[in-house]
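J.: Right, I'll just put the structure down here and ask away after.
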Amino acid sequence: MSGRSDAGGWRPGARSVKFRAPFREEESRVAEIKGVTPHEVVEMLKDGYVYVDVRSQPEFEAGHVPGSLNVPLLHMGPA
Numbered sequence: 003m004s005g006r007s008d009a010g011g012w013r014p015g016a017r018s019v020k021f022r023a024p025f026r027e028e029e030s031r032v033a034e035i036k037g038v039t040p041h042e043v044v045e046m047l048k049d050g051y052v053y054v055d056v057r058s059q060p061e062f063e064a065g066h067v068p069g070s071l072n073v074p075l076l077h078m079g080p081a
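Heads up, the sequence shown is in my numbering, so the first residue is 3 and it goes up one at a time.
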């Protein structure tokens, strides 16, 4: 199930968001990556965090977290 309600809006609590560590963690500059629940996302947004949605533009337009920023992975180049 997606995070959309029948009316087409986003509803918190629809599903968890999972962040995964890189394959070779010892080479990564990321100290820790953890899962974040929809409730935690709502609280983080209230604290000033920015929600970056990496899905394609059509997926984003079909439903997204209000105030989120769409940066499709397809548009990102190498670091």
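Ideal Cβ positions, reconstructed from N, Cα and C, are used throughout, including at glycine.
#1: Going by DSSP, what residue range makes up the alpha helix (DSSP H) through Gly-42?
#2: In angstroms, rounded to a whole number, what distance separates the CA positions of Gly-37 and Leu-76?
#3: Roughly how many angstroms separate the alpha carbons of Val-54 and Glu-45, rounded to a whole number?
#4: For Val-73, count neighbouring Cβ atoms within 10 angstroms of its own Cβ and tell me buried if that reaches 16, exposed if not.
T.: Put simply:
#1: Within the sequence shown, residue 42 is the residue found at index 40, counting from 1. Here residue 42 turns out to be Glu, not Gly, going by the sequence shown. It spans 40-48 - the alpha helix (DSSP H) in which Glu-42 sits, taken as one unbroken run.
#2: As a position in the sequence shown, residue 37 is number 35, starting the count at 1. As a position in the sequence shown, residue 76 is number 74, starting the count at 1. Those two C-alpha atoms are separated by around 23 Å.
#3: The residue given as residue 54 occupies position 52 in the sequence shown. The residue given as residue 45 occupies position 43 in the sequence shown. Spanning the two alpha carbons is a distance of roughly 15 Å.
#4: Working through the sequence shown from its first residue, we reach residue 73 at position 71. Exposed, by the Cβ-count rule.
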